[in-house]
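One structure is given below, encoded as structure tokens.
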């Protein structure tokens, strides 16, 4: 059963995890207002580079931590030794990559970016890489707080990060408009502060040690998993690298602005995932077999419903927010007609997270390389040809095709590692219906229409009530003590 205490802590973890989303939304109008389209594109390339290196710095240890920590629940001392080893390992990996980047970076950046892109290794490229190290360590530290069951510390640390990032960025843009100094220095300074906070959080729950006995299992889990996360970065960023030489800077900036808004959805969904996974792993551990259960399925059923309704809400809010935030820069409004078709691609995330949890729990992370490696090859080919012949809309459709291949390969390749017993309509059917609905809407209502999204909201509200009414009643009773 979904307990009341779990719901309360979930709300705290979700709010804390969503604060980066809030910062992104708050900062967007300042970025767009103070930077021209080329500078805005350059900023997003720097942020993309930082996200890429954050993957390398983390070595996917943040994902491994929860699985192993839960399995060591029988010994507090073992948990402390494991936590201390993880903290020290992250720092060693970080220092090694920073040194290597300082040597290779000056030669690599000019091969990828031109002078028109306004992206250079010195100083902002290296600064973005160091910021990635701070953020990766902080992410591992705050994810660990979920398993330490410290929701108050979790939201406090994330609030400090939010205040520093927003405050320093806005101040920097006012002091130095038409410059990337403010946003990038703000990210660096806030990153340094949260890095120190994360060290404090790890220290409280760990023993200062480096126990090599954990490394073999860690390598077995993390090496294929980091390949999976790298493929995710490729899948999420490849299109703009193709588009930057195919469309105008203003069109690319409008598209990037829209995608940045959808990062808000990803932050919320990732926060929900980080909250749900520990409970799911606990259920499966108690079940003593690699098989889904009615209780674990209930979490994913609710997760699917929340994901779809959030996407519809984002389709309502994003154009309104952008118009209010940047009323004078009409060139950014050209992407509104694509909002529904872009949202369609994100609908598969709830399905992927369902299969991802079974892969993580069974430690078959090598499958992630196959699933997302095959998908990355498909995306590379489809994006290249679709962008070449159809421009921006080609990149969007290539993204949807790629995301559907994720689902296909996840379904195909995980059949033998887990026993699946679930309602296919609730987990798979609803996201597919949402994708089909949005594609049809785009074809017949190509211009943005709030009426169309209102109709979609009503349509899916009816579907969710009819299909999920038992889950809704159960969760409502557990949280309020009243029956409906």
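Numbering (this note's numbering), first residue to last: 167 to 650. Just so you know, even glycine gets a beta-carbon here, dropped at the ideal spot from N, CA and C.
- In the three-state reduction of the DSSP assignment, residue 613 falls in the coil class.
- Inclusion of residue 457 and residue 587 in the CB contact set at 8 Å is warranted, their separation being smaller than that value.
- When DSSP states are grouped into helix, strand and coil, residue 457 belongs to the strand group.
- The count of Cβ pairs closer than 8 Å, one atom from the segment 524-532 and one from the segment 388-404, reaches three, so the stretches are in contact.
- Going by C-alpha positions, residue 192 is about 43 Å away from residue 382.
- When C-alpha distances from residue 565 are compared across 583, 590, 538, the shortest belongs to 538.
- Taking the Cα of residue 181 as reference, the smallest distance to any Cα among 547, 324, 491 is reached at 324.
- In the three-state reduction of the DSSP assignment, residue 585 falls in the strand class.
- Taking each of 337, 503, 465, 184 in turn and checking the Cα distance to residue 520, the smallest one comes out for 465.
- Leaving aside the five residues that flank residue 242 on each side, none in its chain has a CB nearer than 7 Å to its CB.
- Membership of residue 349 in the alpha helix (DSSP H) is indicated by the continuous run 347-370.
- Below 8 Å, too few C-beta pairs join the segment 328-343 and the segment 251-262 to call them touching: fewer than three.
- 229 is the residue among 624, 627, 229, 295 whose C-alpha sits nearest the C-alpha of residue 386.
- Counting C-beta pairs with one atom in each stretch, the segment 312-326 and the segment 362-372 have three or more that are closer than 8 Å, which means they touch.
- Proximity to residue 590 across 497, 470, 579, 185 peaks at 470, based on C-alpha coordinates.
- Annotation for residue 338: the continuous alpha helix (DSSP H) segment containing it runs 317-341.
- Exclusion of the five residues before and after residue 507 leaves 562, 604, 605, 608 as the residues of its chain whose Cβ lies within less than 7 Å of its Cβ.
- Beta-carbon to beta-carbon, residue 209 and residue 349 are separated by about 6 Å, close enough to satisfy the 8 Å threshold.
- Along the segment 520-590, the alpha helix (DSSP H) occurs as fully enclosed runs of 4 or more residues at 532-556, 558-579, listed in sequence order.
- The C-beta distance from residue 260 to residue 303 rounds to 7 Å, short enough to meet the 8 Å contact threshold.
- Check the Cα spacing between residue 266 and each of 295, 581, 596, 594: the tightest is with 295.
- Residue 411 and residue 301 have their alpha carbons spaced roughly 30 Å apart.
- For the pair residue 617 and residue 578, the Cα-to-Cα distance works out to about 38 Å.
- When C-alpha distances from residue 225 are compared across 212, 204, 262, the shortest belongs to 262.
- Nearest to residue 232 by alpha-carbon distance, out of 245, 222, 221, 220, is 245.
- Beta-carbon to beta-carbon, residue 597 and residue 514 are separated by about 6 Å, close enough to satisfy the 8 Å threshold.
- Nearest C-alpha to residue 546 among 214, 403, 599: 403.
- The beta carbon of residue 442 is closer than 6 Å to those of 465 in its chain, skipping five residues each way along the sequence.
- By the C-beta density criterion, residue 496 is exposed, having fewer than 16 other C-beta atoms within 10 angstroms.
- Here DSSP, grouped into helix, strand and coil, assigns residue 492 to coil.
- Under the three-state reduction of DSSP output, residue 415 falls in the helix class.
- Rounded to whole angstroms, the gap between the alpha carbons of residue 275 and residue 542 is 22 Å.
- In the three-state scheme derived from DSSP, where H, G and I count as helix and E and B as strand, residue 592 is classed as helix.
- Taken atom to atom, the span from the alpha-carbon of residue 345 to that of residue 336 is near 12 Å.
- If you draw a straight line from the Cα of residue 211 to the Cα of residue 460, it is about 43 Å long.
- For the 8 Å CB-CB criterion, residue 478 and residue 438 do not form a contact.
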